[in-house]
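Taking it in order: structure first as structure tokens, then the write-up.
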Amino acid sequence: MSQRPAVVLDCDPGQDDAMAILLAARHLDVVGITTVHGNQSLGKVTRNALKVLTLAGLEHIAVYPGAAGPFVGHAHHAAEVHGETGLDGAQLPEPVIRPRGRHAVDFIREAAVQHEPLTLVATGPLTNVAAALQLEPTLAGRLGQISLMGGAVAGGNVTPAAEFNVWADPEAAQLVFASGVPIRMAGLDLTHQAMVGPEELDRLRAAGTRVGRVCADLLGFYGRRVSARTGLAGAPLHDPCAVAWTIDPTLVQASWMHVDVELRGQLTRGMTVCDTRPVPDVAGETARQPIHDAAAGENGSQDAGVQRGRRPPRNAEVGLRLDVARFFDLFIETVLSYG
10 MSQRPAVVLD CDPGQDDAMA ILLAARHLDV VGITTVHGNQ SLGKVTRNAL KVLTLAGLEH
70 IAVYPGAAGP FVGHAHHAAE VHGETGLDGA QLPEPVIRPR GRHAVDFIRE AAVQHEPLTL
130 VATGPLTNVA AALQLEPTLA GRLGQISLMG GAVAGGNVTP AAEFNVWADP EAAQLVFASG
190 VPIRMAGLDL THQAMVGPEE LDRLRAAGTR VGRVCADLLG FYGRRVSART GLAGAPLHDP
250 CAVAWTIDPT LVQASWMHVD VELRGQLTRG MTVCDTRPVP DVAGETARQP IHDAAAGENG
310 SQDAGVQRGR RPPRNAEVGL RLDVARFFDL FIETVLSYG
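Those letters in the sequence shown? Residues 10 to 348, by the working numbering.
Rendered as structure tokens:
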């Protein structure tokens, strides 16, 4: 069995982030958790991370708070989906651990030196990751991969064009996609296939474990909020998809694309513009056929390289299809393993 990759999980818990923490801690070498504004305020999501670690007996994992707001403008939260605490729906224990004093950005930079090549799994807005890349010129070369939950090939959830994590700090997201680090993008095209319904909630409750019951309650609340706002039949496990892809790459079918982020569009700010056009290889033949019929948009890129008649380099592996049955087996068996 290959050695587990060293991972920093950058997150904004959030019910689905809580599930991502449990999944990552069982299967990856989580050297630390960093928190960022997003689903709720920085103070609340940091406290939520500490609660999840306490619930699962993972007190050895340190938590480092990071950015309280985006590069530009003010922070946006999603209390209407995740609740006033950001983790409504179940009674979690009071934390028995405290956040560390070191800032998340500094911790990411130091962890990359100590654990090169480090994998970053980012399941919230990308402010911490982008700031670390800006402040440490050598960081990109020390990262093996960034697996992020964010974006979409077509369509958003917070606006018709934009997914929440990218929309919450599009300047940071654009910097990350332009960093040169290998990126896996678990966007809405992928994560909406990971829909928790009554069958999955019953499986979590049936074993009678404490963590299983808490997770079922959290996801039940989350699913009801999502359904009321969107009409979706259940709770999409957005963030665990980025973790599961790191654990078992065979769970996801993906296509390499150039991904850029729209910053100026009045209606499209925060949109991930994914170039699905085929790109010729060195022999002049098509390297990859597009999965979709057309690109997600034509007006969004800030990159001068994305001009008519030019093909920008592919910079992200975009997840498109999920092995749903195997994904849920991995997720539920992991949750139940905590007892």
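No residue lacks a Cβ here, since even glycine has one placed at the ideal position from N, Cα and C. It should be emphasised that the depicted structure is a prediction, and the values quoted were computed from it without experimental measurement.
T63 carries a helical assignment under DSSP once its states are collapsed to helix, strand and coil.
Assignment of beta strand (DSSP E) within the stretch 80–132, counting only whole runs of 3 or more residues, yields 127–131 in chain order. By the Cβ rule, the stretch 34–42 does not count as touching the stretch 231–240, because fewer than three pairs are nearer than 8 angstroms. Proximity of the stretch 195–202 to the stretch 119–128 falls short of the contact definition, fewer than three beta-carbon pairs being nearer than 8 angstroms. Using a Cβ distance threshold of 9 angstroms, G196 and V282 do not count as a contacting pair. The Cβ atoms of R219 and G348 sit closer than 9 angstroms to each other. Your pair L157 and I192 checks out as a contact, with CB atoms roughly 7 angstroms apart and the cut at 8 angstroms. If you draw a straight line from the Cα of V114 to the Cα of V16, it comes to about 14 angstroms. Annotation for A171: no beta strand (DSSP E) segment contains it, and DSSP assigns it neither H nor E. The three-state secondary structure of G52, taken from DSSP, is helix.
Within the model, the alpha-carbon separation for R109 versus Q49 is close to 19 angstroms.
DSSP places D338 in the helix class (H, G or I) of the three-state scheme. About 5 angstroms separates the beta carbon of V45 from that of G75, a gap short enough to meet the 8 angstroms contact definition.
Note on the stretch 194–249: whole alpha helix (DSSP H) runs with a minimum of 4 residues are 197–200, 207–215, 219–239, in chain order. Taking C-beta atoms under 8 angstroms as the contact rule, A325 and V252 fail to qualify, at a distance of about 17 angstroms. As computed with DSSP, I256 is found in no beta bridge at all. For the pair L96 and V61, the CB atoms are nearer than the 9 angstroms cut-off. Counting C-beta pairs with one atom in each stretch, the stretch 161–178 and the stretch 205–216 have fewer than three that are closer than 8 angstroms, which means they do not touch.
Contact between the stretch 175–182 and the stretch 132–147 is present: 3 or more CB-CB pairs across the two stretches fall below 8 angstroms. Of all C-beta pairs linking the stretch 241–250 to the stretch 263–278, fewer than three are shorter than 8 angstroms, placing the two stretches out of contact. As DSSP reads the structure, D284 sits in a beta bridge with H267.
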